[in-house]
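Working notes for the structure below.
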Amino acid sequence: MSQIANVSRRQFLKLTGMGATGLVLGGLLPGFRPAWAQTGDAVSELNLFVSIGSDDLVHIICHRSEMGQGIRTGLPQVVADELMADWQKVQVVQGLANAEYGSQNTDGSRSVRRFYQIMREMGASARAMLEQAAANQWQVPLEEVQARDHQVWHQKSGRSLRFGELAEAAAGLTPPAKDQLKLKSPDDFNYIGKDVPIVDMPAILSGQTVFGQDVQLPDMLYASIERTPVVGANVKSVDNSAALKVKGVVDTFVMPEQSEPVLFKPLPGVAVLATNSWAAMQGRKQLRIEWTDSTHSEHDSDAYLDVLKGRVKQQGKVIRSIGDAYAGMMNAVDTFEAGYSVPYLIHAPMEPPAATAVFKDGTCEIWACTQTPQSTQQNVAGALGIEPDKVKVNVTLLGGGFGRKSKPDFSVEAAILAKQTGKPVKVSWSREDEIRHGYYHAAAAMHFAAGMDDTGRVVSWLQRTAFPSISWTFNGTSDEPSGSELDLGFGDLPFALDNLSCEVQKAEAHLRIGWVRSVSNIQHGFAIGSFVDELAHKLERRPRELWLELLGSDRLVDPEPEGFKYGNYGESKAVFPIDTARIKGVLNLVADKAGVDKPTAKNEAWGLSVHRSFVSYVAVATKVRVDGNKVQVLEMHSAIDAGTVVNPDRVRSQMEGAMIFGLSLAMMGEISVKDGAVVQSNFHDYPLLRINQSPQIHSYIVESSQPPGGVGEPGVPPVAASLCNAIFRAGGKRIRDLPISKHMQV
């Protein structure tokens with residue numbers, strides 16, 4: 021189960037030994053034609069997910085990218101459960117880029133929530149066909165046979181046939197219609213909801229896996245690229261004479277000029293090609309490059325944030341309103357306001373981007389640690405001027421992703437250089453490349469104001485946000501947040517308020533802006549979670565008490581009647597509504613488990629926050645000790661309600677990772693820009709959490725039969741607020757501008 025195989029649909033049968041003696045199943049995916057179970061070469065035309073060999077092995081294609089989150093285990097778990105398969109006889113096969121799989125974009129915390137039902141149907145369909153094949157062979161009624169334990173049994177006679185013995189006959193049957201499928205009762209699940217170890221773990225521990233950085237091909241050239249330090253600048257001139265004298269350097273190549281929008285195009289620069297990576301890097305240092313001017317060359321991140329902070333103090337464009345927030349503020353007995361900011365941030369996965377490409381006879385083959393094989397296929401084809409079906413994308417394991425590897429610019433670089441040289445070319449980004457030339461989380465400023473009546477009840481709420489939009493990356497013109505970004509923890513505020521105004525302000529883009537783990541929820545979760553805590557302190561209320569009061573009665577919140585067109589993470593509001601009962605549920609669970617209302621030692625305190633994102637609900641409680649100007653994080657508790665959970669072990673791991681990721685951002689995360697160029701370069705000036713800074717972490721999962729929600733990202737947004745709230749209550753210092761390291765020793 022630990023073996024990774026990248027195969028085409030036609031190769032799939034050959035590699036798995038199927039031939040004409042195996043069962044191969046496809047499925048009905050939204051927007052795609054039905055796929056039918058067949059044998060022989062015709063199968064290569066179908067949308068394949070499940071196959072069964074005569075050797076009894078069940079091969080399940082995982083069409084998503086594995087980056088430690090366990091999706092190569094989770095989705096096959098679902099199929100195997102409905103199939104009644106023996107997990108020890110399951111082999112996971114990594115799918116290539118293929119539009120027939122549906123979306124392969126492993127981002128947005130949507131792999132399980134989008135494919136859980138489909139994968140159940142895939143397993144149930146296979147089971148039904150095996151049962152029908154057995155009933156036909158025994159000449160007994162279908163209702164007398166039942167699949168279990170990798171066999172089909174005849175209940176009356178006790179006879180059984182192995183899956184492998186039935187595969188060929190089952191392959192000749194027509195799959196049952198979707199409405200005829202009999203899905204298992206959750207009470208009968210064998211694998212769904214169970215802690216199943218990830219299939220790749222043995223190979224990972226023994227070093228036998230292949231990540232993007234590991235790919236090696238015969239006669240391969242290594243490329244190291246000096247990229248423009250300022251977005252919008254191109255190569256004006258280059259002196260490569262010294263670089264060509266470095267032993268091992270074969271050639272240099274000026275990458276294509278680019279213009280806005282930046283899209284997923286490679287940054288302009290000069291590539292040094294060599295017979296080994298060290299020579300390529302050393303040759304790169306010898307380049308002498310002059311860059312053209314750019315309209316972004318005067319960008320200064322500190323000055324930019326000051327501008328945004330000023331803008332959000334002014335009335336902005338209203339995107340959602342209840343009552344009259346301004347009149348409510350005027351009539352309030354008391355008011356309170358505060359502003360918050362988050363700097364630019366970068367993904368910083370342990371494995372920087374890497375891709376290897378071969379171009380031959382008008383076709384290109386890519387090996388990449390990509391979250392988006394289909395986007396890689398499309399962008400490589402566009403850059404090379406060939407059709408997408410002429411690009412084959414092999415997906416390696418990813419050493420972390422966090423959204424960076426959903427941008428295929430690094431694969432396009434490798435493809436361009438492979439076509440130029442006529443040889444296999446591997447492009448490896450260094451840590452410095454990843455930090456200085458990536459896609460960044462937007463710097464953001466927020467402003468909040470609340471008005472209270474004479475009982476201390478919040479009667480009016482005003483919130484504004486400003487940050488450069490990801491839309492600018494795609495159109496080069498957007499100068500304010502898009503609706504899809506305002507969906508993320510801002511326009512969907514779930515509070516019960518008499519008066520509300522949600523507003524946005526302008527924010528021009530100067531860097532490549534992209535998705536970073538939990539995206540705009542990072543700044544909105546921090547700001548809202550901090551402001552509620554500040555209000556609780558002002559009103560002399562316990563934070564949990566004020567949270568519950570603001571959330572109001574148990575109800576489903578729909579912001580659309582209040583003027584906000586809500587995307588709900590691409591999900592149905594009927595299936596995934598904003599449910600205040602579930603928000604309160606995780607809040608109370610984590611507060612009770614952590615004991616946030618119990619007395620603490622001197623200079624120690626708890627901070628609390630809660631946030632809904634990616635249709636899941638997460639609350640975080642953080643305990644800190646403050647000694648003078650030094651803060652130590654002692655303990656963290658998180659609770660998630662993600663609906664139906666396929667693999668609790670992976671969910672706990674994701675939540676633990678989210679705590680570490682969120683702490684890193686809140687405590688030390690900052691990308692600063694001077695003269696249009698990123699200042700930071702490596703972990704010495706963009707540090708990640710060290711083990712001595714890591715607290716005890718406890719995670720709790722709400723048992724639920726609701727549809728599966730997201731898991732990979734929802735754990736991040738409440739972290740920063742819970743931490744800053746704890747710092748204030750332990751030491752009296754309120755931090756409104758991240759990172760914390762600019763204010764205290766961490």
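My numbering numbers the first residue of the sequence shown as 21 and each following residue consecutively. The beta-carbon is built from N, C-alpha and C at its ideal position, and this holds for glycine as well.
1. Nearest by alpha-carbon distance to A144: which of K198, G730, L758 is it?
2. For V731, tell me which candidate among D76, I91, V70 has the shortest Cα-Cα distance.
3. From which residue to which residue does the alpha helix (DSSP H) around T315 run?
4. Checking the sheet assignment: what are the DSSP bridge partners for H467?
5. Between the alpha carbons of V739 and G677, how many angstroms are there, rounded?
6. Can you give me the Cβ contacts of R304 inside the same chain, cut-off strictly under 6 Å, excluding the 5 residues immediately before and after it?
7. What separation, rounded to the nearest whole angstrom, lies between the Cα atoms of R632 and A464?
8. Could you check the C-alpha separation between Q114 and P597 for me, to the nearest Å?
9. Quick one: is T497 buried, meaning 16 or more other Cβ sit within 10 Å of its Cβ, or exposed?
10. Since M656 sits in a beta bridge, which residues does DSSP pair it with?
11. Please classify G192 as buried or exposed, where buried requires at least 16 other C-beta atoms within 10 Å of its C-beta.
12. For the candidate residues P668, R645, V640, whose alpha-carbon lies nearest to that of M679?
13. Do C389 and V415 have their beta-carbon atoms positioned less than 9 Å apart in this structure?
14. Take F584 as the anchor and find which of T475, E505, D473, S761 has the nearest alpha-carbon.
15. In chain order, what residues of the same chain have a beta carbon less than 6 Å from the beta carbon of H763, not counting five sequence neighbours either side?
16. Which residue or residues does DSSP assign as beta-bridge partners of V378?
17. The alpha helix (DSSP H) that contains D553, what's its start and end?
18. To the nearest angstrom, how far is the alpha carbon of D234 from that of I760?
19. Can you give me the C-alpha to C-alpha distance between G375 and V445, rounded to a whole angstrom?
20. Where does G47 land, buried or exposed, given buried means 16+ other C-beta within 10 angstroms?
21. Are there 16 or more other CB atoms within 10 angstroms of the CB of M142, so buried, or fewer, so exposed?
22. Measuring alpha carbon to alpha carbon, tell me which residue in K558, T493, F546, G545 is nearest I533.
23. With burial defined as no fewer than 16 other Cβ atoms inside 10 Å of the residue's Cβ, what is the status of L531: buried or exposed?
24. Under three-state DSSP, which class holds M221?
25. Taking Cβ positions, are L513 and S540 nearer each other than 9 Å?
26. Between the alpha carbons of T485 and D76, how many angstroms are there, rounded?
27. Buried or exposed, going by whether 16 or more other CB atoms sit within 10 Å of the CB of L307?
28. Helix, strand or coil: how does DSSP classify Y211 here?
29. Per the DSSP calculation, V110 is bridged to which residue(s)?
30. Give a yes or no on contact between the stretch 454-463 and the stretch 696-704, applying the rule of three or more CB pairs nearer than 8 Å.
31. Which of helix, strand or coil does DSSP assign to Y346?
32. Would you tell me roughly how many angstroms separate the C-alpha atoms of R749 and G213, rounded to the nearest one?
33. Using a Cβ-Cβ cut-off of 7 Å (strictly less than) and excluding sequence neighbours within five positions of S724, which residues of its own chain qualify?
34. Round the Cβ separation of A529 and P488 to the nearest angstrom and send it over; I've been treating them as touching at under 8 Å.
35. Give the DSSP bridge partners of R182, in chain order.
36. Within 10 angstroms of the Cβ of T600, are there 16 or more other Cβ atoms? Answer buried if so, exposed if not.
In short, the structure shows the following:
1. For the purposes of this step, residue 144 is taken as residue 124 along the sequence shown, with counting starting at 1. Nearest C-alpha to A144: K198.
2. Taking the first residue of the sequence shown as position 1, residue 731 is located at position 711. When only C-alpha atoms are compared, the closest one is I91.
3. Residue numbering aside, residue 315 sits at position 295 when the sequence shown is read from its first letter. That residue, T315, is in no alpha helix (DSSP H); it is neither H nor E in DSSP.
4. Sequence index remark: in the sequence shown, residue 467 carries index 447 (1-based). Paired residue(s): G359, R484.
5. Residue numbering aside, residue 739 sits at position 719 when the sequence shown is read from its first letter. Residue numbering aside, residue 677 sits at position 657 when the sequence shown is read from its first letter. In a straight line, the C-alpha of V739 is about 11 Å away from that of G677.
6. Here residue 304 refers to the residue found at position 284 of the sequence shown. For R304, where only same-chain residues beyond five positions count, the Cβ hits under 6 Å are S244, E246, V292.
7. Residue mapping note: residue 632 aligns to position 612 of the sequence shown, counting from 1. Residue mapping note: residue 464 aligns to position 444 of the sequence shown, counting from 1. Per the coordinates, the alpha-carbon of R632 lies some 19 Å from the alpha-carbon of A464.
8. Taking the sequence shown and counting its residues from 1, the one referred to as residue 114 is at position 94. Taking the sequence shown and counting its residues from 1, the one referred to as residue 597 is at position 577. Computed Cα separation, rounded: 33 Å.
9. Within the sequence shown, the letter at position 477 stands for residue 497. T497 comes out exposed.
10. Mapped onto the sequence shown, residue 656 falls at position 636. DSSP lists T642, I717 as partners of M656.
11. Taking the first residue of the sequence shown as position 1, residue 192 is located at position 172. Looking at its Cβ environment, which holds fewer than 16 other Cβ atoms inside 10 Å, G192 is exposed.
12. Within the sequence shown, the letter at position 659 stands for residue 679. If we check each option's Cα against that of M679, V640 comes out closest.
13. Here residue 415 refers to the residue found at position 395 when the sequence shown is read from its first residue. Here residue 389 refers to the residue found at position 369 when the sequence shown is read from its first residue. For V415 and C389, yes; Cβs fall inside 9 Å.
14. For the purposes of this step, residue 584 is taken as residue 564 along the sequence shown, with counting starting at 1. Ranking T475, E505, D473, S761 by Cα distance to F584 puts E505 first.
15. What you label residue 763 is simply residue 743 of the sequence shown in a count that begins at 1. The beta carbon of H763 is closer than 6 Å to those of I755 in its chain, skipping five residues each way along the sequence.
16. Taking the sequence shown and counting its residues from 1, one reaches residue 378 at position 358. BP columns for V378 point to E385.
17. Locating residue 553 in the sequence shown gives position 533, where the first residue counts as 1. Its alpha helix (DSSP H) spans residues 541-558.
18. For the purposes of this step, residue 234 is taken as residue 214 along the sequence shown, with counting starting at 1. For the purposes of this step, residue 760 is taken as residue 740 along the sequence shown, with counting starting at 1. Roughly 36 Å between the two C-alpha positions.
19. Numbered from 1 along the sequence shown, position 355 holds the residue referred to as residue 375. Numbered from 1 along the sequence shown, position 425 holds the residue referred to as residue 445. The sequence shown places Ala at residue 375, not Gly. Spanning the two alpha carbons is a distance of roughly 8 Å.
20. Position 27 of the sequence shown, counted from the start, is the residue given in the question as residue 47. Reliability of the predicted coordinates at G47 is poor, the pLDDT of 40 falling under 50, and no value is obtained from them.
21. Position 122 of the sequence shown, counted from the start, is the residue given in the question as residue 142. Burial call: buried.
22. The residue you call residue 533 lines up with position 513 of the sequence shown. Considering only alpha carbons, the answer is T493.
23. Position 511 of the sequence shown, counted from the start, is the residue given in the question as residue 531. By the neighbour-count rule (16 or more Cβ atoms within 10 Å), L531 is buried.
24. Numbered from 1 along the sequence shown, position 201 holds the residue referred to as residue 221. DSSP places M221 in helix when its eight states are reduced to three.
25. Position 493 of the sequence shown, counting from 1, holds the residue named residue 513. Position 520 of the sequence shown, counting from 1, holds the residue named residue 540. Cβ distance not < 9 Å, so L513 and S540 don't count as in contact.
26. As a working note, residue 485 is residue 465 in the sequence shown. As a working note, residue 76 is residue 56 in the sequence shown. Near 57 Å, if we compare the C-alpha coordinates of D76 and T485.
27. Numbered from its first residue, the sequence shown carries residue 307 at position 287. Classification for L307: buried.
28. By one-based count along the sequence shown, residue 211 stands at place 191. It is coil, neither helix nor strand.
29. Position 90 of the sequence shown, counted from the start, is the residue given in the question as residue 110. V110 pairs with V78.
30. The answer is yes - the stretch 696-704 touches the stretch 454-463, with three or more Cβ pairs under 8 Å.
31. As a position in the sequence shown, residue 346 is number 326, starting the count at 1. Y346 falls in the helix class under three-state DSSP.
32. On the sequence shown, residue 749 is found 729 positions in, with the first residue counted as 1. On the sequence shown, residue 213 is found 193 positions in, with the first residue counted as 1. Near 38 Å, if we compare the C-alpha coordinates of G213 and R749.
33. One-based indexing of the sequence shown puts residue 724 at position 704. Correct list, in chain order: D661, G663, T664.
34. Position 509 of the sequence shown, counted from the start, is the residue given in the question as residue 529. Position 468 of the sequence shown, counted from the start, is the residue given in the question as residue 488. Contact holds; Cβ gap of about 4 Å.
35. Locating residue 182 in the sequence shown gives position 162, counting from the first residue. When DSSP reads this structure, R182 sits in a beta bridge with Q171.
36. Taking the first residue of the sequence shown as 1, we reach residue 600 at position 580. Burial call: buried.
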